[in-house]
Amino acid sequence: MAAKVLVLGGGGREHALAWKLSLSPHVSCVYVAPGNAGIPLSGRIARTKDVNSDDHASLVSWCLEKVIDLVVVGPEAPLANGIADSLASANVRCFGPSASAARIESSKKFAKEFMQRHGIPTARWETFDSDEIDAACRHIDEGASYSALVVKASGLAAGKGVVVARDKDEAKRAVMDMLQNKRFGSAGETIVIEEYLEGEEFSVLAFSDGQSIALMPPSQDHKRLLDNDEGPNTGGMGAYSPCPQVSSDLLEKIREDILMPAVKGLSQEGSPYVGVLYAGLMLTKSGPRVLEFNCRFGDPETQVLLPILESDLFTVMKACVDGRLLSSMPIFSSSKYCAAVVMASAGYPGSYPKGKLITGAKDADSLPGVQVFHAGTACNEKGDLVTAGGRVLAVSAVSSSLKEAVDYAYKGVEAIKFEGAQYRKDVASLGLKSVVSTFRQLTYESAGVDIAAGNALVDAIKPLSEMTKRAGCVGSLGGFGALFDCKSAGFSDPILVSGTDGVGTKLKVAQSFQFHETVGIDLVAMCANDVLAHGAEPLFFLDCFSTGKLDVEIAKSVISGIGEGCKRAGCALTGGETAEMPGMYQAGEYDLVGFVVGAYERGQHLPRLSEIRSGDCLIGLASSGLHSNGFSLVRKVVRDLDLSYEDEVQFCTAAAAAADDATSRLGNVLLTPTRIYVRSVLPVLRRGRVKAFAHITGGGLLENIPRVLPSGFEARLDASSWHVQPIFGWLAKAGNIDSAEMAKTFNLGLGAVLVVGHADVDDVLLELHEAGEKAWNVGSVEKSGSGSKVKIGNLASSVQAAFRLTDPLAVAVARRTVARKSKKKKVGVLISGTGTNLQALIDSTKRCNYAEIVLVVSNVPNVEGLKRAERADIPTEVIPHKKYKSRRAFDSAVHEALTKADVDIVCLAGFMRIVGVDFVNRWQGKLVNIHPSLLPSFPGMRAHECVLEAGVRVSGCTVHFVEEKVDAGAIIVQETVAVYPDDTVESLSARVKTAEHRAYPEALRLLATGKVSRGKDGKVVWMNS
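Just so you know, we're using this note's numbering here: the sequence shown kicks off at 472 and counts up by one.
Next comes the structure, spelled out in structure tokens:
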């Protein structure tokens, strides 16, 4: 569902924020309050006068009524006044720091003391209160050991509370003006007197989620009104970004010495910083020094940074608020500059007239590369655009060189006219002086390789590697090679087997369908099954992820799948390569290569060709579908039929027309991950009764089975003896592909074929069935005759019988589709509090066709979770547990309510009651819960405390079936999060809560679609996995 965003503020900064947010495909509407006359001119952006940022209660109510998904605060005053805290208390996402964290701007005294505590380089300083005027003047005259010429009001003074004096007398006058004459009111009751620093000023802004940061390109604004930095201070008369004079090394130093310590320090002091942190810096001979921290985007810096931001701003901001910035690192153009010229009213920064007619703004906006951001504008009675503020417009322009960007901006300025307009004519002059020709200093990043994004990805996937560690692993990620100790893994005389493979053009389907979570499983499967064919146990795995432009979120999804594949194969993810290669791939494309090393004990290798005899049996192991081969042909069928991977499909077997076959999207069916046979088949291979294992990959049945047969033998199969899945029948019919071509291209339902002696076939089949594999006796080995070395009887009829026509675009059997759509699983949710996990389930079920929430039950009245359900038009019922004499009576009342609503699945979402044995038995296999740790570790109520006490580096959440014993049911889904050394219970809880909001909807999907169920033995049964 597309999101609604509220931007608070009315200047050029807020216009730029609203403009950039409105470009997100995830955003349906951007409200701006109060905005300005330029706001309604921008598509999906709308002004609202219903919101007052000073009235927190009404603002919160408005956001809840409008179902606002994200509030973005532009100016500093609302943040200092606690608007983020008020929104957070109502579970409304806010991009902006708490009042406590915002003190880094709202109190210069606090900021200076904070920097001193955390070793952040800044100018030397002293503070003075209103009763210390004489002491302050003496400090300027003789007390300071430095040039004490900078006087600042400690509080917020709308950007005007700083005086950089030319001499001591001017500095003392500034002290009197602030402390005695109360020029800035309460904001100037305390002042900071600072050392005058010499050097060049610039600023670096960073996104922060409270733990991690992402730097924006350096920018430089022009504070003075007139050219050559003369005249009075202003809010900013222009800016440009990036600054060619700021090297990548210097930027990294600013990150490590200034911005990262600031964010870590605030977190350590109990004020995690979420939002944008602005560092105003002076580059001195001794290095960068902090002049000021601001708790929000700068103005006009925003107007030059957002035009060169290539990422989705909404996605980045949401990731910050959700505590997962590393998964959505922002990407800025490595080949563009942006410059902005501010046009101000006559008299600014003093008093100025209003209502002056503005012409040419639309003409300027239409110039190539030019964007006009409104600040002090309004419309008069005639609807004409007029001036309404000191800074009126910011004319921004983007180009491939700084000089061109500046030239384009001034062309825009020349097109705009209003009486008394004033602007600087030397914007970016310092940057232009540092540029040799029109090209910026060459860096690896300017060539398109983002080292920071790569490092962020490594940090994000380290926990995945930790989760796959096994006996034999030596070391961890980050070395030059992967180390493995075969002896520690239990081998005495091992033979090593290596394998490498990719996923082929199945990746094209994943990239088109924008579903990347399963191709990593495919990659591991293709490699692991290959070494298994030699009788080897996969030991460790490495991957190579190659792309033109690294998208951390996509890469993390892919590599998370690799981690899942390694867990299924029992091998360790010990390393890999992330290769960012500009120009090699189109936007959004990536490629995967995997490499696995396995081992078997000497003398246990496969195939044992000398032992294969005529009459040996062939056992087929069921595939999960297409696996990872033949996708070039699959994609051609999809293209030729003009289908979309989003199209709904329904595959029905002819033999079981009445069966409850799943309706799904074509992309989901095609991306079903390749089955990994290691855990079920390896024990069978080690017992010595299997003579050969053929992995059915590229080349299908016809090409792969001969690879494990000795010369002079052939395989004879009967296609009617195994289950040919409907997808193969559909491909044959839809693509008009003959059966021989199908057998040469696809696995046709058999992911692997084993060669077994006739006397052992029943025992091997029994072992495979007990291990959870679908397996059949599908044929035999015989002396070869003429023609193909694989002969398949009943092939054409079996492929045809596998599919009863169901067109992916217009379902032929309409009644089956209607019946299926009517079978959404009905879900009941039990809550006791705020219902944040309930909200995640509500959001996911609104856009799905497999489940709907039909009832929310709370044992506590008037909680926020009930209000969430009511806003979503979901029926609610309050059943107070205190009303009942026994737990059994309470459970019976809840059971009755659920039964009355025809509930199929019950989700416990913050339900603070332990359900009884009778209730569990009644809903066995249909009752699930979420726990804030990686079960079976750290069960119980104190999960986060126990995690921190144990010192583990990985935690997360677990969705599991509910059993009589608390937190002991079979696991459906787990999501991991990193545990940082400075984590508190609160910070870890917040990060895990974000993971819960992803894990619970996924678990419900798996359960509602029949992908998982609870077996009779209490273990999870996976279907089509």
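Backbone N, C-alpha and C fix where the C-beta goes; we use that ideal spot for every residue, glycine too.
Item	Value
By the three-class DSSP mapping on this structure, what secondary structure does A594 have?	coil
With a Cβ-Cβ cutoff of 8 Å, do V1349 and C1378 count as a contact?	no
Could you tell me if Q1057 is buried or exposed, where buried requires 16 or more neighbouring beta carbons within 10 angstroms of its beta carbon?	exposed
D605 and E660: beta carbons closer than 8 Å?	no
Thinking C-alpha only, which one of S816, T939, V841, L901 is nearest F889?	S816
Whole angstroms are fine: how far does the CA of V1334 sit from the CA of A532?	According to the sequence as given, residue 532 is Ser; it is not Ala. If you take the alpha carbons of S532 and V1334, they lie about 16 Å apart.
How far does the beta strand (DSSP E) with F1361 in it reach, from first residue to last?	Run containing F1361: none in the beta strand (DSSP E); it sits in the alpha helix (DSSP H), 1358–1371.
Going by DSSP, name the residue or residues bridged to N704.	R695
Among P688, V1463, G1036, A1364, which residue has its Cα nearest to the Cα of I1497?	Nothing in the structure corresponds to residue 1497, since the chain is present only between 472 and 1496.
What is the DSSP secondary structure of A1190, reduced to helix, strand or coil?	helix
Of the choices F951, S1251, C998, R1160, whose alpha-carbon is the least far from that of C1088?	S1251
In the DSSP assignment, find the beta strand (DSSP E) that holds D612 and state where it starts and stops.	From DSSP, D612 is part of no beta strand (DSSP E); its letter is neither H nor E.
Within a Cβ cutoff of 6 Å, which residues of the same chain sit near S578, ignoring the five residues on either side of it in sequence?	S625
Using the rule of at least 16 other Cβ atoms within 10 Å of the residue's Cβ for burial, across every protein chain shown, is K1371 buried or exposed?	exposed
State buried or exposed for H1240, treating a residue as buried only when at least 16 other CB atoms are found within 10 Å of its CB.	exposed
Report, in whole angstroms, the separation of the C-beta atoms of A1364 and Y1355, which I expect to be a contact under 8 Å.	7 Å
Using C-beta distances below 7 Å, list every residue in its chain close to S557, excluding the 5 sequence neighbours before and after it, in chain order.	H527, V531
Tell me the DSSP secondary structure of G481 in three-state form.	coil
Comparing C-alpha positions only, which one of D897, Q774, L1156, F803 sits nearest to V787?	F803
Below 8 Å, can you find three or more Cβ-Cβ pairs linking the region 1009–1024 to the region 1162–1169?	no
Thinking C-alpha only, which one of G1059, E1008, G826, R1339 is nearest C1037?	E1008
Please confirm whether V813 and G709 have their CB atoms less than 8 Å apart.	yes
Excluding the 5 residues preceding and the 5 following L1406 in the sequence, name in chain order all residues of the same chain whose CB lies nearer than 7 Å to its CB.	T1429, H1431, D1438, I1442
Could you tell me whether the Cβ atoms of V1149 and V1195 are closer together than 8 Å?	no
Between which two residues does the beta strand (DSSP E) carrying C1088 extend?	1088–1093
Assess contact between the region 1192–1212 and the region 1096–1112, defined as three or more Cβ pairs (one per stretch) separated by less than 8 Å. Is contact present?	yes
Looking at C-alpha atoms only, which residue of M753, M649, A642, P778 is the closest neighbour of P688?	P778
Taking all protein chains shown into account, do 16 or more other C-beta atoms lie within 10 angstroms of the C-beta of F951, making it buried, or fewer, making it exposed?	exposed
Give me whichever residues DSSP pairs with G1264 in a beta bridge.	D1189
In chain order, what residues of the same chain have a beta carbon less than 7 Å from the beta carbon of G1486, not counting five sequence neighbours either side?	V1492
Please confirm if the region 669–680 is in contact with the region 583–602, defined as three or more CB-CB distances below 8 Å between the two stretches.	no
What is the rounded straight-line gap between the Cα of D878 and the Cα of S905?	17 Å
Quick test of your reading: S1095 and P1144, contact by CB under 8 Å. State the CB separation rounded to the nearest angstrom.	7 Å
Which of the three DSSP states is assigned to E1446 in this structure?	strand
Within this structure, are the beta carbons of P759 and P592 separated by less than 8 Å?	yes
So, with DSSP's three-state summary, where would you put V1493?	Looking at the sequence shown, residue 1493 is not Val but Trp. The answer is strand: DSSP assigns W1493 an E or B state.
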